[in-house]
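**Student:** Pasting in a structure now, in structure tokens, and then I'll have a few things to ask.
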Amino acid sequence: MRVIRDQLYRASLRVQALPHASNWPREQQHFSGDENDSANNDVADLPVWANVTSVGDDAVHDAVESEGAVQQNEANCRMTTSTTVISDLPKMSEEVASLLEAIEINLYEQRKRRLERLKPPSRWRRNWYWFAIGVPATLYIGHKLTKERGGFYVLNQVLKKVADIYRDHVSEPLHSIYEEL
Numbered sequence: 001m002r003v004i005r006d007q008l009y010r011a012s013l014r015v016q017a018l019p020h021a022s023n024w025p026r027e028q029q030h031f032s033g034d035e036n037d038s039a040n041n042d043v044a045d046l047p048v049w050a051n052v053t054s055v056g057d058d059a060v061h062d063a064v065e066s067e068g069a070v071q072q073n074e075a076n077c078r079m080t081t082s083t084t085v086i087s088d089l090p091k092m093s094e095e096v097a098s099l100l101e102a103i104e105i106n107l108y109e110q111r112k113r114r115l116e117r118l119k120p121p122s123r124w125r126r127n128w129y130w131f132a133i134g135v136p137a138t139l140y141i142g143h144k145l146t147k148e149r150g151g152f153y154v155l156n157q158v159l160k161k162v163a164d165i166y167r168d169h170v171s172e173p174l175h176s177i178y179e180e181l
């Protein structure tokens, strides 16, 4: 749970507390502003719904003696194991459910943030070389045409060509469709 919470904080840039932050002592310290308090740094980072229990392991000591191993100091042979026990299962399951919802929200926000950077560039940025070549070439050709015969001659020729295209591709087909109906 601690690893998942840390990863969620890292993914969301620690802007706000995750659900049930009050269950975790270090998160309480961080969001309350007491993070530099040296007295509270000794607090184990276990949630309130978990406890650590220490159990002396006499079984290990008995197994070592039965194998005939010689131990100089019996205190060295005694091993203490500590286990984490979930003391409040409903509280833990409630936290897991709310963390799953927080994961969905964080994944959506993270995906949105990352996809924003991966958007394709605008049409202008993708085709800048066409504009860089086409605009000066068009201006040069237009200048040459208007310089040799004048602007009115070029305008007249352009209008004739547009009228021919309109007549051949729009007016006549529409007129023949109308006559067939």
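Per the numbering used here, residue 1 is the first one in the sequence shown, and the count goes up by one each step. Idealized CB from N, CA, C, for every residue including glycine. What you are looking at is a predicted structure, and each value in this text was computed from that prediction instead of being measured.
Got a sec, what are the start and stop residues for the alpha helix (DSSP H) N106 sits in?
**Tutor:** Taken as a continuous stretch (DSSP letters only), the alpha helix (DSSP H) holding N106 covers 89-117.
**Student:** Between S12 and N51, is the Cβ-Cβ spacing less than 8 angstroms?
**Tutor:** Not a contact, by the Cβ cut-off of 8 angstroms.
**Student:** Alpha carbon to alpha carbon, how far is Y140 from A132? Give it in angstroms, no decimals.
**Tutor:** Using only the alpha carbons, I get a separation of about 13 angstroms.
**Student:** Report the rounded CA-to-CA distance for G142 versus Y153, giving the unit in angstroms.
**Tutor:** Cα-Cα distance, rounded: 12 angstroms.
**Student:** Just tell me which of A102, S176, A97 has its CA closest to the CA of D6.
**Tutor:** The candidate whose alpha carbon is nearest that of D6 is A102.
**Student:** Quick check on the DSSP output: the alpha helix (DSSP H) that includes G150 runs from which residue to which?
**Tutor:** First-last for G150: undefined, no H or E at that position.
**Student:** Across which residues does DSSP place I86 in a beta bridge pair?
**Tutor:** Bridge partners of I86: A50.
**Student:** Below 8 angstroms, can you find three or more Cβ-Cβ pairs linking the segment 117-131 to the segment 83-97?
**Tutor:** Segments in contact, no.
**Student:** Taking 8 angstroms as the threshold (C-beta atoms), are Q28 and S22 in contact?
**Tutor:** Yes.
**Student:** Compute the Euclidean distance between the alpha carbons of H169 and P120, then round it to the nearest angstrom.
**Tutor:** Cα to Cα, the separation comes out at about 37 angstroms.
**Student:** Where does H175 land, buried or exposed, given buried means 16+ other C-beta within 10 angstroms?
**Tutor:** When all chains shown are included, H175 counts as exposed.
**Student:** Is it right to say E172 is buried, meaning 16 or more other beta carbons lie within 10 angstroms of its own, or is it exposed?
**Tutor:** It counts as exposed.
**Student:** I105: which of Y9, L46, V3, M1 sits nearest, CA to CA?
**Tutor:** The candidate whose alpha carbon is nearest that of I105 is Y9.
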